[in-house]
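Reviewing the structure listed below.
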Amino acid sequence: MREQTTGPAPQLPEKHYLNATYGIRSWLLTTDHKRIALLYLASVTFFFFVGGFFAMMIRLHLLTPSGLLLTPDQYNRMFTMHGVAMVFFFLIPSIPAVMGNFLIPLMIGAKDLAFPKINLLSWYVYVVGGMFTLWAMINGGLDTGWTFYTPLSTVYSNSAVAPAVVGVFITGFSSILTGLNFLVTVHTMRAPGMTWFRLPLFVWAHYATSIVMILGTPVIAITLGLAAMERVFGLGFFNPAMGGDPILFQHLFWFYSHPAVYIMILPAMGVISELIPTFARKRLFGYHFVAAASLAIAVIGFLVWTHHMFLTGQSTYAAVAFSFLTFIVAIPSAIKTFNWTATLFGGSISFDTPMLYAFGFLGLFLVGGLTGLFLGALGVDINIHDTYFVVAHFHYIMVGGAVMGYLGGLHFWWPKITGRMYPEWLARIAAFTLFIGFNFTFFPQFILGIMGMPRRYHTYPPEFQIYNVMSTAGASILAIGYLLPMVYLTWAAFYGKVAGDNPWPATGLEWKTQSPPLTENFDVTPVVTWEAYDFHNRPDLGLDVPAGKGSPVVAPAHGDD
Amino acid sequence: MQSSLPTFPVQASNFAGNVDALFSFILMTTLFFAVLVTVLIIFAAFKFRRRSEKEVGDDVHGNNALEVGWTLIPTIIAIGIFAWGAAIYVNYRIAPKDTLDIYAVGKQWMWKLQQPNGRKEINELHIPLNRDVKLILGSEDVIHNFYVPAFRVKMDVVPGRYNTMWFRPIKTGKYHFFCSQYCGTNHAVMGGWVTVMDPAEYAAWLSGESGDVNPAAAGERLFTQFACNTCHLANGTGRAPSLNGVFGANVLLADGSTVVADEAYIRESILQPKAKIVAGYQPVMPTFQGLVTEEQILNLTAYIKSLQSQPVPAKGAGIAPSSAGKK
Amino acid sequence: MHRTGALYGQFKTLEQQKDTATLGMWIFLVTEVMFFGGIMLAYTINRHTYFHAFAMGSNTLSLGLGGFNTVVLLASSFTMAMAVWSSQTSRKRLITLFLSLTILLGFVFFGVKYVEYAQKFHHHLVPGKNFDIFYCVNNPTKCEDIDAADMAKEKEELEVAAKADPDLNAHAQLYYSAYFGMTGLHALHMVIGAGLLFWLLKESVAGKFNAEWNNPVDIVGLYWHFVDIVWIYLFPLLYLIDRHK
């Protein structure tokens, strides 16, 4: 299904970006976007395991109502550091920094991003921020919740708040630099013929994500800066004892942190928009609508932040307005889901691992997104705000959605990145394990929320135990689902079957280069004359296009060049 | 009434029925769409599975009518859900005129509630059936949240401002309440019970209280209810000395003197805790003057007496060295 | 290290390189707007809530020094624009002249800022343990730089303000936190700008800029103008609103 059955087995190309230069300096001082992507891959994976370790502690501890393993202070540190590690150091960078960096120049036919040195700088900024936060985690820990609400974080907490906040502040600049790089690259570095509406939707998704990164991240930067000043120097913007307002902190915090969740999901949606056309061998249904929906999510996403604050005692009118906008922001995601589904009809669908992740994404994002409607409805939010219902909702989107997209993308592009294929059957087993483990972990948490179990609880009334046990059991299966790919993807990078230029085959420009690509990506600048996902006008893919089914005329170029 | 939805708490307030109804409606609607999309995906995955290695799918760009349709219909449904939710919320945020007003103050990590006639409670709220009750919420330190699942209501408690919430209990009984805004170490134990009583019983309760048969058992309940156990940890690692074995022993005070821990000492410690500070401890115990009745002090004393036979921790007992337990 | 004016590997033409760098700077400036916007929002909300304390704070700032600094920065934007023009018209010596003037004006700004900050420190108006809005009126001999007439006016205004706001000192401290935060952040950006200008100066002395290649001057100019605009917002927000004198 994936390998060419005719012709000799493919060989690894002689020269490529991995063997172009050797030595640690050639990696640590690289400006090749592909190597930088791998540097990021190593760092985000590290933080994924850090966050995963904390998650394991949480779930083990919650096996019994009185708490099995940890003191209250230790537990509070576990969930805080789980959130900080996963949100700031895994979810936000993951797909953009790993896959965006690797693929965007290839997808648009460029030699590199607009600012390769700034790209490398962004990785170092991430690492420095990560070191600060890691240091804080080890020296005193952090127990404020990843949301750092004041005055708990600035006045009352006895943990390493200041260094952790400084670490997150620094890492934010990595995000800003990445977003800036992507925006400029997409504007000025496209190959001849690569018009806006021929761009892969992965690029549209990252363009939208970059808008969010550059508009939102500076606000969390100044907010955390002010919070750190308050913690260290005793300023009073957020401290009621000094005339400050804790709710001001929440407004400033969520002004970024809500759009941040779109930073986490839009790239994953971009991955899905690549996977489904590829494995259904059919162009994406409603390309323009999906592109527009990405931008709509980015823009409207900035208008809903107060839905995290419906019960802070703010103005009723404000709450009503923000609830309305929250329902509006759900619509573009629904449009995308319908378009992905419609793409399947009339397709030629295969069930390779990336497609399994895409199906998993569809199912889990559906649940996660729809449960957002419960929370956006003011009357219901009164009941389920700050309960496990919220925890389940965002894990369905972030793990069921974003992480599925991340893993699906990693599998899909692994042959391009490494030149070698992962083991298909083991990968399918891992995907199923992950899906099953995930649902056992998080579905019971919806029920806990409905029953009234608040979040961030180190101990709970006994009637909640059964669902907690179920959740922990699921988590142990989920963990296996994560560990397997870490192991076999690493193995495959060195010993997997050589994949060839385009094993699937897929239609993107990145698949017209060798696997792994040359450092300069293309030996000749490509000239693009075809639309995205156009299986019917690509004889180079070697597929059977039925006679008369291709468009006789290639779509005219529109948009700027 | 019991909610028709499984695992839902009992519906004990005027809001519960409406909130649950909206929840059911959203559930039904989202379930419909989720099942629809899932069935479509599974159907398509089967019907259009790849049959030969080089097969491609159809060349379809899209369908504008479909796009408009699946944009408009979800929008209309979404607005409907929004409107219903907003109606419940606006009703919830605007309390009726004639309410029974109760002051609730959250602090790390307990709740102090005060009835209109001045009667105070800790981690307990007694209210009458079928009466509109308004809680006026304040915080002494960080942000907390008062949440009663059976009533389907909650509201943040923010330092530096007052928030209010209202509800009408419609069913007698005891209902859990929780703090549901993370507030530090003991966030998870900062809860208690709301007791809804018949109005006549409530009136009686408001003006006096019933006695308990076993003073030490009653004292033990009070020890937890007043959150003494959060500082006076039995193993001596808390902010306050362990009370195991202290009754009748010599206690070493910060000024170097010793005092016998008799009934008078216990009573003084509860009502004027700063009068005598145990050596090695900070003067952080709040006073319970006005919060405990004499009867309750007697019950607490009986309980502490019953701890004489408990093992005394090596560190954290406050007992003066080389003192023999008497009585 | 690259040479100014050379074509980077990822670009096809110098034109593309120029367009890319310029777009990059504009987007960076958008992020700066959001960054400063956050603290300006916090300031504005607090100014509305603690009207009296913030008016008091505003009155302790020197209109003369602030106004002078505003003129200095506007002039430096002018000299910067002249430097850009000079580079566009290949007037190499003028580029160096105007860049030097811009840097000089920048340092004048720093000098005045230092004087202002030193005065605040002297008057116990730096947030922290020693903060006391009443310090000067209570200890007139310690604040010799305020003349008697101004001191009397300040005393009177403080009395009125304290009656209206019993927590005047705490709220005034919020004003000064914002003052130091915003002007400090602005000064930091100016220091970075000065650094960029020094680099430009070095390159211009080496004759690197001309009508064909002046992009670095152009985009540093954008940055410098932005920093100037931030001050144009800060000056009225901090110095001018609710001034009585």
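Protein chains in written order, with my numbering: chain Z, 1152 to 1712; chain E, 243 to 569; chain W, 3 to 247. For every residue, glycine included, the Cβ atom is placed at its ideal position computed from N, Cα and C.
May I ask you to report which of helix, strand or coil DSSP gives Gly-453(E)?
As a position in the second sequence, residue 453(E) is number 211, starting the count at 1. Only weak support exists for where Gly-453(E) lies, its pLDDT of 43 falling under 50; the value from the coordinates is given anyway. In the structure shown, Gly-453(E) sits in coil (DSSP, three-state: anything other than H, G, I, E or B).
Apart from the five residues just before and just after Tyr-177(W), which ones in its own chain have a Cβ nearer than 7 Å to its Cβ?
Against the third sequence, residue 177(W) aligns to sequence position 175. Taken in chain order, the residues that qualify are Ala-55, Phe-56 and Gly-59.
Helix or strand or just coil, what does DSSP make of Met-407(E)?
Looking up residue 407(E) in the second sequence gives position 165. Strand.
Against chain Z, does Asp-169(W) count as a neighbour if the rule is that its beta carbon must be under 7 Å from one of theirs?
Within the third sequence, residue 169(W) is the residue found at index 167, counting from 1. Closer than 7 Å to some Cβ of chain Z, the Cβ of Asp-169(W) qualifies, so yes.
Tell me whether Thr-1494(Z) is buried or exposed, calling it buried when 16 or more other Cβ atoms sit within 10 Å of its Cβ.
Here residue 1494(Z) refers to the residue found at position 343 of the first sequence. Thr-1494(Z) is buried by the Cβ-count criterion.
Where does Leu-52(W) fall in DSSP's three states?
On the third sequence, residue 52(W) is found 50 positions in, with the first residue counted as 1. According to the sequence shown, residue 52(W) is Tyr rather than Leu. Note: Tyr-52(W) maps to coil in three-state DSSP.
Give the DSSP-derived three-state secondary structure of Phe-593(E) in the structure shown.
Look at the range of chain E in this structure, 243 to 569, and you will see that residue 593(E) is not part of it.
How far does the alpha helix (DSSP H) with Ser-1445(Z) in it reach, from first residue to last?
Indexing the first sequence from 1 puts residue 1445(Z) at position 294. Residues 1438-1451.
Relative to the alpha-carbon of Lys-416(E), which residue among Arg-410(E), Thr-427(E), Phe-409(E) and Ala-392(E) has its alpha-carbon at the smallest distance?
Taking the second sequence and counting its residues from 1, the one referred to as residue 416(E) is at position 174. Nearest of Arg-410(E), Thr-427(E), Phe-409(E) and Ala-392(E) to Lys-416(E), Cα basis: Ala-392(E).
Counted within 10 angstroms of its Cβ, other Cβ atoms place Thr-143(W) as buried (16 or more) or exposed
For the purposes of this step, residue 143(W) is identified with residue 141 of the third sequence, where counting begins at 1. Classification for Thr-143(W): exposed.
With distances taken Cα to Cα, identify the nearest neighbour of Met-1282(Z) among Ala-1261(Z), Gln-1162(Z) and Phe-1320(Z).
The sequence position of residue 1282(Z) within the first sequence is 131, counting from 1. When each option's Cα is compared against that of Met-1282(Z), the closest is Phe-1320(Z).
Taking CB distances under 7 Å as the criterion, tell me whether Ala-1657(Z) reaches chain E.
Numbered from its first residue, the first sequence carries residue 1657(Z) at position 506. So, not an interface residue.
Based on Cα-Cα distance, which residue from Trp-353(E), Arg-509(E), Ala-496(E) and Ala-337(E) lies nearest to Asp-374(E)?
Taking the second sequence and counting its residues from 1, one reaches residue 374(E) at position 132. Ranking the options by Cα distance to Asp-374(E), first place goes to Ala-337(E).
Which stretch, first to last residue, makes up the beta strand (DSSP E) that contains Asp-343(E)?
Your numbering for residue 343(E) matches position 101 in the second sequence. Residues 342-349.
Measure from the C-beta of Arg-1579(Z) to each C-beta in chain E and report whether the shortest distance is under 7 Å.
The count along the first sequence starts at 1 and reaches residue 1579(Z) at position 428. No, Arg-1579(Z) lies away from the interface with chain E (no Cβ there is under 7 Å from its Cβ).
With the cut-off set at 7 Å, would you say Arg-293(E) and Ile-1500(Z) are in Cβ contact?
Indexing the second sequence from 1 puts residue 293(E) at position 51. Indexing the first sequence from 1 puts residue 1500(Z) at position 349. Taking 7 Å as the Cβ cut-off, Arg-293(E) and Ile-1500(Z) do not qualify as a contacting pair.
Taking just the CA atoms, how far does Gly-1395(Z) sit from Asp-454(E)?
Start at 1 with the first residue of the second sequence, and residue 454(E) comes out as number 212. Start at 1 with the first residue of the first sequence, and residue 1395(Z) comes out as number 244. Low confidence applies to Asp-454(E): its pLDDT is 41, below 50, so where it sits in the model is not reliable, and the reading given next is rough at best. Those two C-alpha atoms are separated by around 47 Å.
8 Å contact criterion, which Leu-533(E) and Lys-349(E) should meet: CB distance rounded:
Taking the first residue of the second sequence as 1, we reach residue 533(E) at position 291. Taking the first residue of the second sequence as 1, we reach residue 349(E) at position 107. In fact, because the Cβ distance is near 13 Å, the residues do not count as touching under 8 Å.
Out of Ala-1236(Z), Gly-1511(Z) and Ile-1535(Z), point me to the one whose CA is closest to Thr-1522(Z)'s CA.
Within the first sequence, numbered from 1, the residue matching residue 1522(Z) stands at position 371. Of Ala-1236(Z), Gly-1511(Z) and Ile-1535(Z), the residue nearest in Cα terms is Ile-1535(Z).
If I measure Cβ to Cβ from Val-229(W) and keep anything under 6 Å in the same chain, skipping five residues before and after, which residues do I get?
As a first step, residue 229(W) is located in the third sequence; it is residue number 227 there, counting from the start. Result list for Val-229(W): His-191, Met-192 and Gly-195, in chain order.
Pairs of beta-carbons, one from the segment 526-541 of chain E and one from the segment 462-469 of chain E, closer than 8 Å: are there three or more?
yes
Simplified DSSP assignment, three categories, for Asn-1746(Z):
The shown model of chain Z, from 1152 to 1712, leaves out residue 1746(Z), and the question about it has no answer.
Closest by C-alpha distance to Val-114(W), when choosing among Val-74(W), Met-153(W) and Lys-94(W)
Translated into the one-based positions of the third sequence, residue 114(W) becomes position 112. Cα-wise, what sits closest to Val-114(W) is Val-74(W).
Can you pull the chain E neighbours of Met-1237(Z), defined as C-beta to C-beta under 9 Å?
As a position in the first sequence, residue 1237(Z) is number 86, starting the count at 1. Result: empty, since nearest Cβ-Cβ is about 17 Å, beyond 9 Å.
So is Thr-1339(Z) in contact with chain W if we call contact Cβ pairs under 7 Å?
By one-based count along the first sequence, residue 1339(Z) stands at place 188. Cβ-Cβ to chain W under 7 Å: yes for Thr-1339(Z).
Leaving aside the five residues before and after Gln-18(W) along the sequence, list all residues of the same chain whose C-beta is less than 7 Å from its C-beta, in chain order.
The count along the third sequence starts at 1 and reaches residue 18(W) at position 16. Around Gln-18(W): no qualifying Cβ.
So, for Ala-1447(Z): in the same chain, excluding its five sequence neighbours on each side, which residues have a beta-carbon less than 6 Å away from its beta-carbon?
Here residue 1447(Z) corresponds to residue number 296 of the first sequence, with the count starting at 1. For Ala-1447(Z), where only same-chain residues beyond five positions count, the Cβ hits under 6 Å are Pro-1483.
Can you list the alpha helix (DSSP H) stretches of 4 or more residues lying completely in the segment 1546-1600 of chain Z, in chain order?
1555-1569
Report the residues of the segment 1582-1604 of chain Z with a CB closer than 7 Å to any CB of chain E, ordered along the chain.
Ile-1598, Ile-1601, Met-1602 and Gly-1603
Determine the extent of the alpha helix (DSSP H) in which Leu-377(E) is found, giving its start and end residues.
Here residue 377(E) corresponds to residue number 135 of the second sequence, with the count starting at 1. Here Leu-377(E) belongs to no alpha helix (DSSP H); instead the beta strand (DSSP E) covers 375-381.
For Arg-93(W), which of helix, strand or coil comes out of DSSP?
Position 91 of the third sequence holds residue 93(W). Coil.
Within-7 Å CB hit, Pro-1369(Z) to chain W
Counting from one through the first sequence, the residue named residue 1369(Z) turns up at place 218. It does: the Cβ of Pro-1369(Z) has a partner Cβ on chain W nearer than 7 Å.
Does the beta carbon of Thr-24(W) come closer than 7 Å to any beta carbon on chain Z?
Locating residue 24(W) in the third sequence gives position 22, counting from the first residue. It does not: the Cβ of Thr-24(W) has no partner Cβ on chain Z nearer than 7 Å.
Per the contact definition of three or more C-beta pairs closer than 8 Å, is the segment 1611-1626 of chain Z in contact with the segment 1200-1218 of chain Z?
yes
Using only the alpha-carbon positions, how far apart do His-126(W) and Leu-65(W) sit?
Locating residue 126(W) in the third sequence gives position 124, where the first residue counts as 1. Locating residue 65(W) in the third sequence gives position 63, where the first residue counts as 1. Rounded to the nearest angstrom, the two C-alpha atoms are 19 Å apart.
I'd like the list of long-range same chain contacts for Ala-258(E), defined as Cβ closer than 6 Å, with 5 residues on each side in sequence excluded.
The residue labelled residue 258(E) in the question sits at position 16 within the second sequence. Only Arg-394 meet the Cβ criterion.
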